[in-house]
Amino acid sequence: MVMSWLINSMTNNVGDNFIFYETAQETWEAVREAYSDTEDAVEAFKIEGILHDFRQGDLPVTQYFNHLTRYWQQQDMYETTKWDCPTDAAKYTKIVEKNRTYKFLVGLKKT
278 MVMSWLINSM TNNVGDNFIF YETAQETWEA VREAYSDTED AVEAFKIEGI LHDFRQGDLP
338 VTQYFNHLTR YWQQQDMYET TKWDCPTDAA KYTKIVEKNR TYKFLVGLKK T
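Numbering (my numbering), first residue to last: 278 to 388.
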């Protein structure tokens, strides 16, 4: 069912390239490899620059947080590290979350 949805959501000339995969996961991986910009260093650099300079300013705190979250989600797309050890991946995730908390707090409007 998921595989049909993936293929049917593509134009015919694109979908035809992926109809012979056996599972939805294989299809998704092939599509991601073919069309993803996960290695695009320029975009990753732009997002990093935006995050570096981004502050709450006149935004309500929820809107500020939502903007940050969107940038962090974009940033995560460019993180392609494959971890051999799940424990290391979990430790790294905690470090990233801690740094994002600091970024959020540093960017808050001083009252």
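Cβ atoms here follow ideal geometry from the backbone N, Cα and C, with glycine treated the same way.
As the structure is a prediction and not an experimental result, all values here were calculated from the model.
### Message
Quick check: the Cα distance between tyrosine 298 and threonine 357, rounded to an integer number of angstroms?
### Response
Our two residues, tyrosine 298 and threonine 357, have alpha carbons roughly 23 Å apart in a direct line.
#### Entry: Collapsed DSSP secondary structure at tyrosine 298 in the structure displayed
The answer is coil: DSSP assigns tyrosine 298 none of H, G, I, E or B.
### Query
So the alpha helix (DSSP H) phenylalanine 342 belongs to, where does it begin and stop?
338-354
### Task
With DSSP collapsed to three states, give me the class of aspartate 317.
coil
### Residue environment, glycine 384, which counts as buried when at least 16 other CB atoms sit within 10 Å
buried
### Query
Hey, would you say lysine 386 sits closer than 7 Å to glutamine 340, going by beta carbons?
no
### Query
Taking Cβ positions, are glutamine 352 and isoleucine 324 nearer each other than 7 Å?
yes
### Task
With a 10 Å radius around its C-beta and 16 neighbouring C-beta atoms as the bar for buried, classify isoleucine 265 as buried or exposed.
Summary: the structure shown does not reach residue 265, with the chain confined to residues 278 through 388, and so no result is reported for it.
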